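**Q** My questions all concern the structure below.
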Amino acid sequence: MSSVTDTLPTRPTRSKMSDEGFISSLVAAVAISLFLIASLLVPNFFQWQNVVNLVTNNWAVIALGVGVSFLLVSGNFDLSVGGIVALSGVLSVWFAQSTEGANALSTGLGLPYGLAIACALLGALAIGALNALFVVRFGIPSIIVTLGTMMVARGIAQVITHGSQRNTNLPEAFGYLGNLSVFGTSIKFPVVLMGLLLVVAIFVERKMVFGRITYWIGANPEAATLSGIDRARHITKLYLFSAGIAGVVGILLASEYKSGFSNRGLLMEFDALVIALLGGVAIAGGFGSVIGMFFGAIILAVVTSAATGLVLSPDWQFILKAVAVFLAIVTQTWALARRNK
Amino acid sequence: MSSQSKTAELSVTSGAANFLRNYYIYFVLVAVVALLSLANLDQFALFERGNFLNKRNIINILRVSAPILVVAGAFTLLMVSGYIDLSIGSTMGLTAVIYAMLAINGMPFVPAFLLTMLAGAVLGAINGILVVRLNITPVIATLITLSLFKGIALLLVQDGVSAIKSGGGLKMPAWFNDYGRDGVFLKLPAAFWVAVAVTLVLIVVQNRGKLGKYAAATGGNPTAAKLSGINTGRTVFLLYVIVGVAAALAGIARSSFMSLGDPLSGDGMELTAILVVLLGGTAFSGGEGRVLRSFVGALIIMALTVGMLTIVPAYYQTLVIGAALLTAAATNHLVSQKGKVS
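As structure tokens, this is what we get:
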């Protein structure tokens, strides 16, 4: 037991990487090595375009992962994002569709596109507010609340689309945002937006009071409250923030496909949770980083696209996801325990 | 419920609160059935099944309810102990596939039935090991197995077909339907009576058995439970195995009812189970909940969903279940608050 007193004073003087930095580097290293292994096994995998695709094909899930990670760090789940993606997409289509349609599914409210997406975003934020109301005011566990709001959001989308989709009678401008290419490259506007979101999120997480309070709340809710942090207010903001991101993702996806489909974003909430967990975000709160989450997404993308490249049946993806999350959690727990021994 | 009787002595108002807490679920059931019966279904004429309260309709509802009824009790005990299993839908899908595969390859009813139950126990044990031995948070551990079991179930069904069913030289045996459909008593199938029997056994376990007491103690205060010599790890492990077996029974019931082994047949079951258990007044944090009330909760949800189908189009279902889940969670919260105020 004497070693405890010996090592304690030396600790702060050593400039040591934080545990989060350690886990993020670990995740990044795993992501890169998995990519290299996949390059050896799968023909045509080692290409620059493929690296770009790994990121651009997953912009939606990565963007959702930002909001979900912040909430997880604060000790709360958000499983409603997939439902919100469907809801905001369907709402934006419904609001923008012209009023003279041949049948119920081609008749909308005929709002101008700008107003339509603003209202759709409000719809998304309403679900976020609902999450906050139930979690913060009623103190109901977030996993149950957000499972419920996920179904409510998707349920509203299904009612509006009669369980299928709306894609007719849309204004010209509707497909613009989702298909806009920037800088004359194949990279689309939503991907750029996702990149910006990542940068801002990393800055907020590292350098701003808002981000640090999030960690504090997750690490020790009681202490946070006692030191004057308005926990309810902060978690409300986080839910609105996450729902807002999901709303924008839904609107952009609807614009990309020029349709509002009530099953869009199905299981996206689980993928967003999975990449956060792969990236080392702790479910108990107070630990994790957006960079880790990003590399978690890369791991998932490499594993699933390598499996597709090896012509495994698509049914394998469920097993691969399960194994990846299991290994990630076990190794991260083990590595942290070893490091802080 | 000694704590309840103690509060009842303290003040008069808490008597009403307790009454509300203990019996509101039956009022909800009566109210739902009454409302659905009052709705003149001929007016909507979507399915032309006539009145809600006719014999055929009731038999039909109870028949399709067998899977959730058989799961509700075991799930309640698990939640009472403060744990959760999100994988029951996948367990159900996987066991449905296993059962159908055994049957279609010529195994008789009894061994196929027992083997599938064993498979359910193994799947439950995997959850138990992840949670108890490897100490992974229950939500995450069972999310992992949700994905894993679903993947295995999908892989067991060959590419190009959506489920295990007659075709390609193999034929589902004639008895396959009987368990889920053939009326054995009061025109209700064996699957329903198995669900009733399982629930009765679990009620006895909860009221008289050690496991029930241990579960409540683990959920109420894990540290105190451990300190008083309860092996909480073994209790939780056993409960996961029981939930796995119950999910297997649900898988068999569903598979037999639909006469195919559909790997996705249990999708959403975890949500329904959570909804039913919450509706029955089980505390999310553990420590409190009754098997019987969850059974009634399951009846309410099935009456509601089947009843709704005759009134509104199917695409309202997700919204209704989601709203019911939120309402149940809020009511559950308010009712338990009322009990606490006194």
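Heads up: the sequence lines are chains A and B, in that order. Read in order, the letters of the first sequence correspond to residues 2 to 342 in the numbering used here. Read in order, the letters of the second sequence correspond to residues 1173 to 1514 in the numbering used here. Glycine included, C-beta positions come from ideal geometry on N, C-alpha and C. The structure displayed is predicted, hence computed values, not measured ones.
Roughly how many whole angstroms lie between the Cα atoms of B:Asn-1403 and B:Phe-1409?
**A** The count along the second sequence starts at 1 and reaches residue 1403 of chain B at position 231. The count along the second sequence starts at 1 and reaches residue 1409 of chain B at position 237. Straight-line Cα distance between these residues: approximately 10 angstroms.
**Q** Does the pairing of the region 68 to 84 of chain A with the region 104 to 118 of chain A give three or more beta-carbon distances under 8 angstroms?
**A** In short, these stretches do not touch, since the Cβ pair count stays below three.
**Q** Using the beta-carbon of each residue, which ones in chain B are nearer than 9 angstroms to A:Ser-228?
**A** Here the question's residue 228 of chain A lines up with position 227 in the first sequence. Neighbours of A:Ser-228 on chain B: none; closest Cβ ~25 angstroms, over 9 angstroms.
**Q** Beta carbon of A:Leu-254, beta carbon of A:Arg-265: below 9 angstroms?
**A** As a first step, residue 254 of chain A is located in the first sequence; it is residue number 253 there, counting from the start. As a first step, residue 265 of chain A is located in the first sequence; it is residue number 264 there, counting from the start. Yes. Within cutoff.
**Q** Taking a cut of 9 angstroms between CB atoms, which residues from the region 138 to 166 of chain A lie near chain B?
**A** Of all residues in the region 138 to 166 of chain A, Phe-139, Gly-140, Ile-141, Pro-142, Ile-144, Ile-145, Val-146, Leu-148, Gly-149, Thr-150, Met-151, Met-152, Val-153, Ala-154, Arg-155, Gly-156, Ile-157, Ala-158, Gln-159, Val-160, Thr-162, His-163, Gly-164, Ser-165 have a Cβ within less than 9 angstroms of some Cβ in chain B.
**Q** My output table needs one value for B:Lys-1337: the three-state DSSP class, helix, strand or coil.
**A** Position 165 of the second sequence, counting from 1, holds the residue named residue 1337 of chain B. DSSP places B:Lys-1337 in coil when its eight states are reduced to three.
**Q** Determine the contact status of A:Val-91 and A:Arg-167, defining contact as a CB-CB distance below 9 angstroms.
**A** Mapped onto the first sequence, residue 91 of chain A falls at position 90. Mapped onto the first sequence, residue 167 of chain A falls at position 166. Cβ atoms of A:Val-91 and A:Arg-167: closer than 9 angstroms.
**Q** So, with DSSP's three-state summary, where would you put A:Ser-19?
**A** In the first sequence, the residue the question calls residue 19 of chain A occupies position 18. Coil at A:Ser-19, not helix or strand.
**Q** The beta strand (DSSP E) that contains B:Phe-1357, what's its start and end?
**A** On the second sequence, residue 1357 of chain B is found 185 positions in, with the first residue counted as 1. Its beta strand (DSSP E) spans residues 1355 to 1357.
**Q** Could you tell me which residues DSSP puts in a beta bridge with B:Leu-1126?
**A** Only positions 1173 to 1514 of chain B appear in this structure, which leaves residue 1126 of chain B out of reach.
**Q** In the structure shown, what three-state DSSP assignment does B:Leu-1225 receive?
**A** The count along the second sequence starts at 1 and reaches residue 1225 of chain B at position 53. Residue state, collapsed to three classes: coil.
**Q** Does B:Gly-1392 come out as helix, strand or coil in the three-state DSSP assignment?
**A** Residue 1392 of chain B sits at position 220 when you count from the first residue of the second sequence. Helix, per DSSP.
**Q** Enumerate, from N- to C-terminal direction, the unbroken alpha helix (DSSP H) stretches of 4 or more residues contained entirely within the region 203 to 252 of chain A.
**A** Segments of the alpha helix (DSSP H) lying fully in the region 203 to 252 of chain A: 210 to 220, 222 to 227.
**Q** Compare the Cα-Cα distances from B:Gly-1433 to each of B:Gly-1440, B:Asp-1439, B:Ile-1424 and report the closest residue.
**A** In the second sequence, the residue the question calls residue 1433 of chain B occupies position 261. If we check each option's Cα against that of B:Gly-1433, B:Ile-1424 comes out closest.
**Q** Any idea what DSSP makes of A:Lys-189, helix, strand or coil?
**A** Taking the first residue of the first sequence as position 1, residue 189 of chain A is located at position 188. A:Lys-189: strand per DSSP, three-state reduction.
**Q** Tell me which residue opens and which closes the alpha helix (DSSP H) that B:Lys-1322 is part of.
**A** Mapped onto the second sequence, residue 1322 of chain B falls at position 150. Counting along the chain, the alpha helix (DSSP H) containing B:Lys-1322 begins and ends at 1310 to 1328.
**Q** Take A:Gly-281 as the anchor and find which of A:Ala-325, A:Met-269, A:Gly-196 has the nearest alpha-carbon.
**A** Here residue 281 of chain A refers to the residue found at position 280 when the first sequence is read from its first residue. Taking only the C-alpha atoms, the option nearest A:Gly-281 is A:Ala-325.
**Q** Could you confirm whether any beta carbon from chain A is found closer than 9 angstroms to the beta carbon of B:Gly-1187?
**A** Working through the second sequence from its first residue, we reach residue 1187 of chain B at position 15. No, no contact with chain A.
**Q** Please compile the residues from chain B whose C-beta is within a distance smaller than 9 angstroms of the C-beta of A:Ala-329.
**A** Residue 329 of chain A sits at position 328 when you count from the first residue of the first sequence. Near A:Ala-329 there are no residues of chain B at all, since even the closest Cβ is about 10 angstroms away, more than 9 angstroms.
**Q** Does the CB of A:Phe-204 have a neighbour CB from chain B at under 9 angstroms?
**A** Working through the first sequence from its first residue, we reach residue 204 of chain A at position 203. Answer no: the Cβ-Cβ gap between A:Phe-204 and chain B never drops below 9 angstroms.
**Q** As an exercise, report each continuous beta strand (DSSP E) stretch of at least 3 residues that is fully enclosed by the region 1423 to 1507 of chain B, in chain order.
**A** As far as the region 1423 to 1507 of chain B is concerned, it has no whole beta strand (DSSP E) run of at least 3 residues.
**Q** What residues in the region 308 to 332 of chain A bring their beta carbon closer than 8 angstroms to a beta carbon of chain B?
**A** For the region 308 to 332 of chain A, which is checked against every Cβ of chain B, the residues closer than 8 angstroms are Ser-314, Asp-316, Trp-317, Gln-318, Phe-319, Ile-320, Leu-321, Lys-322, Ala-323, Val-324, Val-326, Phe-327, Ile-330, Val-331.
**Q** Just the C-alpha distance for B:Lys-1178 and B:Gly-1187, rounded to the nearest angstrom, thanks.
**A** As a first step, residue 1178 of chain B must be located in the second sequence, where it is residue number 6. As a first step, residue 1187 of chain B must be located in the second sequence, where it is residue number 15. Its pLDDT being 42, under 50, B:Lys-1178 is placed unreliably by the model, and the measurement read from it follows with that caveat. When rounded, the distance between both Cα atoms is 10 angstroms.
**Q** Residues in the same chain with beta-carbon distance under 7 angstroms from A:Val-137, minus the five sequence neighbours each way, listed in chain order, please.
**A** As a position in the first sequence, residue 137 of chain A is number 136, starting the count at 1. Closer than 7 angstroms at the Cβ level, and outside the excluded window around A:Val-137, lie Ala-233, Ile-236, Thr-237.
**Q** Tell me, please, whether the CB atom of B:Val-1311 is closer than 9 angstroms to any CB atom in chain A?
**A** For the purposes of this step, residue 1311 of chain B is taken as residue 139 along the second sequence, with counting starting at 1. With 9 angstroms as the cut-off, B:Val-1311 counts as an interface residue toward chain A.
**Q** Can you pull the chain B residues whose beta carbon is under 7 angstroms from the beta carbon of A:Leu-278, in chain order?
**A** Within the first sequence, numbered from 1, the residue matching residue 278 of chain A stands at position 277. Result: Ile-1312.
**Q** Is any beta-carbon of chain A found at less than 9 angstroms from that of B:Val-1373?
**A** Within the second sequence, residue 1373 of chain B is the residue found at index 201, counting from 1. It does not; no Cβ of chain A falls within 9 angstroms.
**Q** Run through DSSP, which three-state label would A:Gln-166 get?
**A** Counted from its first residue, the first sequence places residue 166 of chain A at position 165. DSSP places A:Gln-166 in strand when its eight states are reduced to three.
**Q** Can you round the beta-carbon distance between A:Phe-327 and B:Ile-1316 to whole angstroms, since I take them to be within the 8 angstroms contact cut?
**A** Position 326 of the first sequence, counted from the start, is the residue given in the question as residue 327 of chain A. Position 144 of the second sequence, counted from the start, is the residue given in the question as residue 1316 of chain B. With 8 angstroms as the limit, A:Phe-327 and B:Ile-1316 qualify as a contact, their Cβ atoms being about 5 angstroms apart.
**Q** Alpha carbon to alpha carbon, how far is A:Gly-245 from A:Asn-132? Give it in angstroms, no decimals.
**A** On the first sequence, residue 132 of chain A is found 131 positions in, with the first residue counted as 1. On the first sequence, residue 245 of chain A is found 244 positions in, with the first residue counted as 1. So the two alpha carbons sit approximately 12 angstroms from each other.
**Q** Whole angstroms are fine: how far does the CA of B:Lys-1227 sit from the CA of B:Leu-1210?
**A** For this step, residue 1210 of chain B is matched to residue 38 along the second sequence. For this step, residue 1227 of chain B is matched to residue 55 along the second sequence. C-alpha separation (whole angstroms): 16 angstroms.
**Q** Of all the CB atoms in chain A, is at least one closer than 9 angstroms to the CB of B:Asp-1331?
**A** Within the second sequence, residue 1331 of chain B is the residue found at index 159, counting from 1. It does: the Cβ of B:Asp-1331 has a partner Cβ on chain A nearer than 9 angstroms.
**Q** By Cβ distance below 7 angstroms, which residues in the same chain neighbour A:Phe-135 in space, the five residues on each side in sequence not counted?
**A** Numbered from its first residue, the first sequence carries residue 135 of chain A at position 134. Answer for A:Phe-135: Ile-141, Val-146, listed in chain order.
**Q** Which partner residues does A:Gly-261 have in the DSSP bridge list?
**A** On the first sequence, residue 261 of chain A is found 260 positions in, with the first residue counted as 1. DSSP, once it has assigned bridges, lists A:Arg-167 as partnering A:Gly-261.
**Q** Which word fits B:Arg-1193, buried or exposed, when buried means at least 16 other C-beta atoms lie within 10 angstroms of its C-beta?
**A** Locating residue 1193 of chain B in the second sequence gives position 21, where the first residue counts as 1. B:Arg-1193 should be labelled buried.
**Q** Whole angstroms is fine: what's the gap from A:Ser-290's alpha carbon to A:Ser-243's?
**A** The residue you call residue 290 of chain A lines up with position 289 of the first sequence. The residue you call residue 243 of chain A lines up with position 242 of the first sequence. Looking at the two C-alpha atoms, the distance is approximately 15 angstroms.
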